[in-house]
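Novice: Encoded as structure tokens, here's the structure I'll be asking about.
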Amino acid sequence: MLAYRRIGPDVELVIEQTVVERTCPTCGVAGQIKERPTVRYVDLPVYGQPMRLAWRKHRLICRRPDCAGASWTSADHRIAAKNCLLTTRCAKWATLQVGTGRAVSDVAGELSCDWHTVNDAVMTYGAALLAADRRRLNATTAIGLDETSFVKLAGRRGRSYATTVADVANHQIIEILPTRSYV
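Structure below.
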């Protein structure tokens, strides 16, 4: 930990990982640190206060001038998943909350962050959970389809549709398709 800051009601921890030998993913030669960009993540609240984690990442460069890899940024899934602005533990918690019925907007409000930040994390972690859960489709005895018109498209003829595929017997959504053309 490098620093602890209070910014209004928010608490921010600044961290940087110790440098370990990082090798170029393209050629395998040891890289050197080029930059240390700071990426801010939403974390679980601490004593009811919004929490942020500022991670000083390492952008590395390959020492071989002829390497096609050029540069890369260090990553650690224990801190945060790629392209996710919630910490790993916060993303898992948010996915659990939404999975048990809470609205994404409610969870985002509790974390003091944007709806899209929470929804992106829930989609990332939720997709992995659904892919791993092989039991959820084994007992399906009846499948239902529901075509829904969401919105009339501005400036175009027609509407935007989605098709929901559901397990009728178990009252469970199996898939939502972004158009009615898939069926």
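For the sequence shown, counting from 1, position 48 maps to 35 in this note's numbering; every step adds exactly one. Glycine included, every Cβ here is placed at the ideal spot set by N, Cα and C. Please read these numbers as outputs of a predicted model, since none were measured by experiment.
1. Considering only their Cβ atoms, is the gap separating V152 from E162 smaller than 9 Å?
2. Would a C-beta distance cut-off of 9 Å place V105 and L116 closer than the cut-off?
3. For the candidate residues V29, A57 and I48, whose alpha-carbon lies nearest to that of K79?
4. Using 8 Å as the threshold, is the segment 42 to 51 in touch with the segment -2 to 8, meaning 3 or more CB pairs across them?
5. Which ranges would you report for the beta strand (DSSP E) in the segment 60 to 113 if only whole runs of at least 3 residues count?
6. Can you have a look at A108 and say buried or exposed, based on whether 16 or more other CB atoms are within 10 angstroms of its CB?
7. Checking the sheet assignment: what are the DSSP bridge partners for V155?
8. Can you tell which of G113, A95 and C11 has the C-alpha that lies nearest to the C-alpha of T60?
9. Among A55, I160 and G56, which has the Cα closest to the Cα of I130?
10. Using the three-state DSSP reduction, which class does L(-11) fall into: helix, strand or coil?
11. Classify A115 as helix, strand or coil using the three-state DSSP reduction.
12. Who are the Cβ neighbours of R23 in its own chain at under 8 Å, not counting the five residues just before and after it?
13. Quick check on K21: does DSSP put it in helix, strand or coil?
14. Taking the straight line between their C-alpha atoms, what separation do you get for V16 and R51?
15. Which stretch, first to last residue, makes up the beta strand (DSSP E) that contains R43?
16. Assuming the contact rule is C-beta atoms closer than 8 Å, L73 and A81 should be a hit. Round their C-beta distance to whole Å, please.
17. Since E8 and R39 should fall inside the 8 Å C-beta cutoff, what is the C-beta to C-beta distance between them, to a whole number of angstroms?
18. Could you tell me how far apart the beta carbons of P37 and P(-4) are, in whole angstroms, since I believe they sit closer than 8 Å?
19. Which two residues bound the contiguous beta strand (DSSP E) that contains D(-3)?
Specialist: Taking the coordinates as given:
1. Mapped onto the sequence shown, residue 162 falls at position 175. Mapped onto the sequence shown, residue 152 falls at position 165. Yes, the pair counts as a contact, with Cβ atoms nearer than the cut-off.
2. Residue mapping note: residue 105 aligns to position 118 of the sequence shown, counting from 1. Residue mapping note: residue 116 aligns to position 129 of the sequence shown, counting from 1. Not closer than 9 Å, so no.
3. What you label residue 79 is simply residue 92 of the sequence shown in a count that begins at 1. K79 has its Cα closest to that of V29, out of V29, A57 and I48.
4. Yes, the segment 42 to 51 touches the segment -2 to 8.
5. none
6. On the sequence shown, position 121 is the one that residue 108 refers to. That one is buried.
7. Position 168 of the sequence shown holds residue 155. Partner residues in a beta bridge of V155, as assigned by DSSP, do not exist.
8. By 1-based counting over the sequence shown, the position of residue 60 is 73. Comparing alpha-carbon positions, the option among G113, A95 and C11 lying closest to T60 turns out to be C11.
9. The sequence position of residue 130 within the sequence shown is 143, counting from 1. Cα-wise, what sits closest to I130 is I160.
10. In the sequence shown, the residue the question calls residue -11 occupies position 2. Correct three-state label for L(-11): coil.
11. For this step, residue 115 is matched to residue 128 along the sequence shown. Correct three-state label for A115: helix.
12. What you label residue 23 is simply residue 36 of the sequence shown in a count that begins at 1. For R23, where only same-chain residues beyond five positions count, the Cβ hits under 8 Å are E3, R43, K44, H45 and R46.
13. Taking the first residue of the sequence shown as 1, we reach residue 21 at position 34. Strand, per DSSP.
14. Counted from its first residue, the sequence shown places residue 16 at position 29. Counted from its first residue, the sequence shown places residue 51 at position 64. Distance between the alpha carbons of V16 and R51 is about 7 Å.
15. Counted from its first residue, the sequence shown places residue 43 at position 56. For R43, the enclosing beta strand (DSSP E) begins and ends at Q36 to R43.
16. Against the sequence shown, residue 73 aligns to sequence position 86. Against the sequence shown, residue 81 aligns to sequence position 94. Sure, about 6 Å apart at Cβ, within 8 Å.
17. Along the sequence shown, read from residue 1 onward, the residue named residue 8 stands at position 21. Along the sequence shown, read from residue 1 onward, the residue named residue 39 stands at position 52. With a Cβ gap of about 30 Å, E8 and R39 do not count as contacting.
18. Within the sequence shown, numbered from 1, the residue matching residue 37 stands at position 50. Within the sequence shown, numbered from 1, the residue matching residue -4 stands at position 9. Rounded, the Cβ-Cβ distance is 6 Å, consistent with contact.
19. Here residue -3 is taken as the residue at index 10 of the sequence shown, counted from 1. Segment D(-3) to I2, the beta strand (DSSP E) holding D(-3).
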